[in-house]
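Engineer: So the sequence lines, in the order shown, correspond to chains W and L. Using this note's numbering, you'd call the opening residue of the first sequence number 17 and step up by one each time. Using this note's numbering, you'd call the opening residue of the second sequence number 166 and step up by one each time. Glycine included, every Cβ here is placed at the ideal spot set by N, Cα and C. What you are looking at is a predicted structure, and each value in this text was computed from that prediction instead of being measured.
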Amino acid sequence: MIPASFEYLAPTSLADALSALAEAGDEGKVLAGGQSLLPVLRMRLNAPEKVIDLGRIEELRGIREDGDHLVIGAMTTHADVAASDLVWEHAAVLADAAAEVADPQIRHRGTIGGALVHADPAGDLGAPVLALDAEFVIAGPGGERTVAAADFFVDLFETAVEDGELLTAIRIPKHTGWGGHYEKFVRVAHQWSIVAVAAAVRVEDGAIAEAKVGLTNMGSTPLRAAAVESALVGRSTGDLGDACSAAADGTNPPSDLNGDAEYRKHLATVLTKRAVLAAAGG
Amino acid sequence: MSVSPDALVEIAEEVQDQQPEDSGSGREIGNRRLRKEDQRLITGRTKWTDNIVLPGMVHLAMVRSPFAHARITGIDTSAAAEAPNVIGVYTAADFPEGLGVCANAWPITPDQVTPDHLPMVGERVACAGEIVAVVAARSAAEARDAAELVDVDYDELPAVLDGMEALKDEVLAHPDKGTNKSAFWKLDSAEAGTGGNVDEAVAAAREDGIVIEREYRQQRLVPAFMEPRSTVVDPTGEQVTMWTSTQVPHILRFLIAATTGMPESKVRVIAPDVGGGFGGKLQTTPEEFITLAVARRLGKPAKYTETRSESLLSAHHGRDQYQKLTLSATKDGTVTGLKVDLVANLGAYVAIVGGGVPVLGAWMFNAIYKFPAYQFNCQTVLTNTTWVDAYRGAGRPEATYAIERIMDELAAEVGVDPLEIRERNWIKHEEFPFTSVAGMVYDSGNYEAATARAKELFGYDELRAEQKARRESGDPVQLGIGVSTFTEMCGLAPSRVLGQLSYGAGGWESASIRMLPTGKVEVITGTSPHGQGHETAWSQIVADRLGVPFEDVEVLHGDTQVAYKGLDTYGSRSLVVGGEAVVRAADKVIEKAKAFAAHLLEANADDLEFSGGRYAVKGTDKGIGITEVALATFASHNYPEDLEPGIDADATYDPVNFSFPHGTHLCAMEVDTETGASRMRRYVCVDDIGHIINPLIVEGQIHGGLVQGIAQALWEEAVFDDNGTLVTGSFVDYTLPTAADTISFVTENTTSPSTTNTLGTKGVGEAGTIASTPAVVNAIVDALRDRGINDIQMPCTPHRVWSAIQGAGGAMATPAEGQPHFHEDAPTNADPGTTGEGSAQ
Ligand SMILES: Cc1cc2nc3c(=O)[nH]c(=O)nc-3n(C[C@H](O)[C@H](O)[C@H](O)COP(=O)(O)OP(=O)(O)OC[C@H]3O[C@@H](n4cnc5c(N)ncnc54)[C@H](O)[C@@H]3O)c2cc1C
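1. Consult DSSP for H830/L and reduce its assignment to one of helix, strand or coil.
2. Are T300/W and P144/W closer than 8 Å when you measure CB to CB?
3. Cβ of K66/W within 7 Å of any heavy atom in ligand 1?
4. Write down every uninterrupted run of the alpha helix (DSSP H) in the stretch 107–168 of chain W whose length is 4 residues or greater and which is fully enclosed by it, in chain order.
5. Taking only beta-carbon atoms, is P388/L less than 8 Å away from chain W?
6. Locate the beta strand (DSSP E) running through W350/L, then write down its first and last residues.
7. Please determine, among G78/W, A227/W and V219/W, the residue with the shortest C-alpha to C-alpha distance to V213/W.
8. Return helix, strand or coil for A31/W, following the three-state DSSP convention.
9. Mind checking who D399/L pairs with in its DSSP beta bridge?
10. So, is the C-beta of D310/L closer than 8 Å to a C-beta in chain W?
11. Helix, strand or coil for S609/L? Go by DSSP, reduced to three states.
12. Closer than 7 Å to a non-hydrogen atom of ligand 1 - does that hold for the CB of I304/W?
13. Under the DSSP definition of a beta bridge, which residues are partnered with C655/L?
14. Comparing C-alpha positions only, which one of A38/W, V292/W, E81/W and D32/W sits nearest to A185/W?
15. Check whether the Cβ atoms of F651/L and G828/L sit closer than 8 Å, and answer yes or no.
16. Does A978/L come within less than 8 Å of chain W when only Cβ atoms are used?
17. Can you give the Cα-Cα distance for D815/L and I416/L, rounded to whole angstroms?
18. Distance check for I957/L and P980/L, CA to CA, integer angstroms please.
19. Expressed to the nearest angstrom, what Euclidean distance is found between the alpha-carbon atoms of E585/L and M572/L?
20. For the beta strand (DSSP E) holding D852/L, just list the boundary residues, first then last.
21. Taking a cut of 7 Å between CB atoms, which residues from the stretch 927–947 of chain L lie near chain W?
22. Between the C-alpha atoms of P523/L and N549/L, what's the straight-line distance to the nearest angstrom?
23. Between G444/L, V315/L and P428/L, which lies nearest to D297/L when the distance is taken from Cα to Cα?
24. Kindly identify the DSSP beta-bridge partner or partners of W213/L.
25. Compute every distance between the C-beta of V177/W and the non-hydrogen atoms of ligand 1, then say whether any falls below 7 Å.
26. What I want to know is whether the C-beta of H197/W ends up closer than 7 Å to one or more non-hydrogen atoms of ligand 1.
27. Three-state secondary structure (DSSP) at H695/L?
28. Which stretch, first to last residue, makes up the alpha helix (DSSP H) that contains D573/L?
29. List, in chain order, every chain W residue whose beta-carbon is nearer than 8 Å to that of V892/L.
30. I want to verify the contact list: residues of chain W whose CB lies under 8 Å from the CB of V884/L, in sequence order.
31. Between which two residues does the beta strand (DSSP E) containing F541/L stretch?
32. Based on the DSSP output, what are the partners of V432/L in its beta bridges?
33. Would the C-beta of K730/L count as close to ligand 1, meaning under 7 Å from any of its heavy atoms?
34. Looking at ligand 1, does it come within less than 7 Å of H481/L, judged from the CB to the closest heavy atom?
35. Give every residue of the same chain whose Cβ lies closer than 8 Å to the Cβ of E403/L, excluding the five residues on either side of it in the sequence, and list them in chain order.
36. Specify the secondary structure class of T935/L as computed by DSSP and reduced to three states.
Now the structure itself:
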């Protein structure tokens, strides 16, 4: 599998990357970890003339605190997210999800920014960042703007990042003291999610005080299970009752070789309960 | 941390240093040696075909049909021809003399419908992936770029994809043939004189007894070897040399000569190191013929290496059968008869042994049991799909699956433990050799011993108790225990038997031993390893036999100019046939050298004893080593007048019978009834493969085999959509398991030496794959049987298991709802017009 030939550019600053992107126009494509882009190029589903590699731009990489936010650079790999004490402390469900992406090789190459911009509905990072009410920092020729998670995911493989723009960082409000768990359902270990559930809960005195639940692969974008979130409040962690039964309400999951939509809806309710219980326990 | 290839080499070398120090001690057989070939295979620093680079070599890219069935109305190659660094673009029309034929070597009946399988087609494509043009360019990338520019016009034709659909002959895979039915093959024990009449047995059981009818589906699989196929052809010089990633260099050379008209003596085929095959590389492929033709046309070396996507679509597929079994028994579960009806989907062409693979099941459905009456009917059909041929086990896994599944159904019907129903019907150890109802003579075995040991290792009674407790407590995770007591026939094959079956070749194997003057030994084998470890095992055999150090033995293979005679590697044949040939060559060397030793020692040959690599004169301390004799014959200054100088020897061995390994496999599966997911809890197998040359290699073969069989049960299926496009065209959708998906297996052996070769060995290459599939599915069904579930179609995906649980309570539909299946007014597949007879051997 050989891609069509292209010109390779490796800018070392964000500014250079933006101008290279502007210059390339429609013919340019950004390369992050390459774990989604390279298969596309190799199968010749796309043939850009210029590939702009973000790999040498230091400022796009790394995890830091910024007041009551955690800031994760777009070029931070899944492996770094999964190994980060900061992320485990303030956004546990995201670290848990990053550890579930594909296999070790892919986790060491693939980046959080690439995964979120690629916006595959079966990707594992959308649901946790959506659940944690993250913000997306997007840089373009006209400067920087910030988009809320709820507005970031537009459709299948489509986000708020416009042509000529780059995602530079994800800002996540700290969920310190919250339990988090990502429950991923697959047939073989290295597979994309058939369905997965990201749950973050704050427990007070054995009862759920706040809950945030994101769903993976239950529609064309990551979704929030809002009905479940409100139903969970006040429940004892020992008895969730039927609080998770509405997990699939309003979803529109796909049907494929791994299961039909009806099965996925069923899975969403089972997995939501498991994710919430695990998040509340840990 | 990253590991460089150099570091890997070092690691491999270190490990190599930790070898047991047993060399030359006469105890090589049975030694757990690390494989001598692994250092180069694991680091990849070796001659994989794609690593071969020749001066002036051009690279090829294939243009393949995206349609399952279409008429080609035009091919415009002009844009491709003008692309940068393109040297030539060719279609079938550019080779009016043809490019050879992908031959069918085993027509199962005289009137088998066998469409011509040409490497490149110009008029009509019969499946997706068929090659319609080829581009040669200076680099692989440029060839690929140009291939995109070849403009082919197709008129789509209706396509038939499913075997049961094909049987109706409504849409024809090859309209010119007038039918999709390729051949009908039957074995009836009453007609063959090996048993009674099945219809009578079934009728009697309907009156007073038990009749169980079941339909099973063997889904289509992809062999998915690790190294994609690759071919390099060098047409310069006197001989044309082809390096290719194949299991069958000798057969390929013969078929190139037979179908292109090239003199066989002008063709040299080399299988360098080959990265796996599992049957998937025993084809003579369109890609090999095309690479040969283009290289010869250009007079330049040419290379073609497939992409993984091409491999999934266009290397042959495996399995794909519909099976119907009718089992009759007395009320206590003693089987009185078995009738089998098969419909086997061959794909678009009858591949090299494609028609024969389902027929191999004829001798296996009766398995380890004493069935008084038996009938096997097999209808092969053509469809517009990738051709189907041998995949690890080839016909035996399919048969074993069905019989081991239905034996569980019988146990459930009678209300006894599945192991008990098997014991009631199996051949007792004192009854060997045993002539089966299919006419095979089983050499040896001890089902009681293997089963007793497996039960013990498994903790059978404890797990049954846990199963009961989970059932009673209504645990959402239920436990099931699956049993598979399999046998198989391996060691293809006695040539006379193959002759009776109209197989296009013999089943012998050849070996030569060259005693080099420096004391080193070259063993030349006609087998063609592609991951099995022949270099290590053959070295162990020869080191023991000749009394030379293991390290001094070099095994050469896979090059028709070096190993000039051979029938290659498939069907668990290499050790039991090829290894035996090596033994015989070694014995000839010992016998030949003896005369020289006697001469040099000035002793009578009858007074010499050979042991530990030395000829000693009985009762004296006089003696000479066999390697000293080798040096002496090289110098030849002094040797008996009546002898030729030299002690090298050749042997060709034709087996008298197959060998019949067996084993008891026990599997515990946990089934999450909320999601339908199944998780393996424990897997124990006790295999009886006779004497073992190298236990480490045996464990490796069993482990890999188990995973491939488990994968059929749980994960893998090649799926075409309604247009005949392969949906599972990449590893994203073709869910091949990895180490992360498996557990640690418990493997052990019992030993019933084979009586068909002097080593007492039986094959092990396919055992794990044959046995494990039914063990897993039996376990899943066992976990859910109390809910009224008696079948889950493979692969047992969580979705399928969950759906079965949802549908349970009512009658379980088998086969699954919406699946094509055998008609009520039975033998729809039987076409008595063309009957090939089963052969009792
Ligand atoms: C076999 C396999 C299995 C996988 N399984 C999973 C899985 O289970 N779960 C999962 O979540 N993912 C999975 N992935 C995808 C993996 O997570 C990728 O890392 C991810 O989808 C893309 O990240 P990347 O850094 O590799 O981006 P790339 O592939 O380099 O880029 C992806 C896309 O995003 C664009 N892009 C990248 N970065 C930016 C940026 N900063 N600004 C604007 N545009 C940008 C690129 O132009 C491209 O269009 C799998 C991938 C493979 C190959």
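Structural biologist: On the basis of the coordinates in this document:
1. Reduced to three states, the DSSP call for H830/L is strand.
2. For residue 300/W there is no data in the structure shown, the boundaries of chain W being 17 and 298.
3. Ligand 1 has no heavy atom closer than 7 Å to the beta-carbon of K66/W.
4. Under the rule that a run must span 4 or more residues, the alpha helix (DSSP H) segments found entirely inside the stretch 107–168 of chain W read 108–114, 120–125, 128–134, 142–147 and 165–168.
5. By this cut-off, P388/L is not an interface position.
6. Here the beta strand (DSSP E) through W350/L covers K346 to D353.
7. In this structure, A227/W is the residue among G78/W, A227/W and V219/W with its C-alpha nearest to the C-alpha of V213/W.
8. Correct three-state label for A31/W: helix.
9. DSSP, once it has assigned bridges, lists T406/L as partnering D399/L.
10. Judged by the 8 Å Cβ criterion, D310/L is in contact with chain W.
11. Looking at S609/L - three-state DSSP - the assignment turns out to be coil, as it is neither helix nor strand.
12. The shown model of chain W, from 17 to 298, leaves out residue 304/W, and the question about it has no answer.
13. Partner residues in the beta bridge of C655/L, as assigned by DSSP, are S824/L.
14. Looking from the CA of A185/W, the closest CA among A38/W, V292/W, E81/W and D32/W belongs to E81/W.
15. Yes.
16. Low per-residue confidence applies at A978/L: pLDDT is 40, beneath 50, and the placement is therefore not dependable, though the value from the model is reported in the following sentence. No, no contact with chain W.
17. Distance between the alpha carbons of D815/L and I416/L: 20 Å.
18. Residue placement at P980/L cannot be trusted, given a pLDDT of 46 that sits under 50; what the coordinates show is reported in the next sentence. P980/L and I957/L: Cα-Cα distance of roughly 8 Å.
19. About 10 Å.
20. Taken as a continuous stretch (DSSP letters only), the beta strand (DSSP E) holding D852/L covers S843 to D853.
21. Hits within the stretch: zero.
22. Here the alpha carbons of N549/L and P523/L stand approximately 19 Å from one another.
23. Looking at the sequence provided, one finds Val at residue 297/L rather than Asp. That would be V315/L, whose Cα lies nearest to the Cα of V297/L.
24. Partner(s): D438/L.
25. Taking the Cβ of V177/W as the reference point, at least one heavy atom of ligand 1 falls within a distance shorter than 7 Å.
26. At a threshold of 7 Å, H197/W does not count as near ligand 1, since its beta carbon sits no closer than that to any of the ligand's heavy atoms.
27. Coil.
28. Residues R561 to V579.
29. When 8 Å is used as the limit between beta carbons, V892/L is near these residues of chain W: L273, in chain order.
30. Ordered by position in chain W, the residues that pass the 8 Å Cβ test against V884/L are L273.
31. F541/L -> beta strand (DSSP E) spans Y539 to V546.
32. V405/L, per the DSSP bridge assignment.
33. Between ligand 1 and K730/L, a heavy atom-to-CB distance of less than 7 Å is absent.
34. The closest heavy atom of ligand 1 lies 7 Å or more from the beta carbon of H481/L.
35. The beta carbon of E403/L lies closer than 8 Å to those of K431 in the same chain, with the five residues before and after it left out.
36. It should be pointed out that residue 935/L corresponds to Ile in this sequence rather than to Thr. In the three-state reduction of the DSSP assignment, I935/L falls in the helix class, which pools H, G and I.
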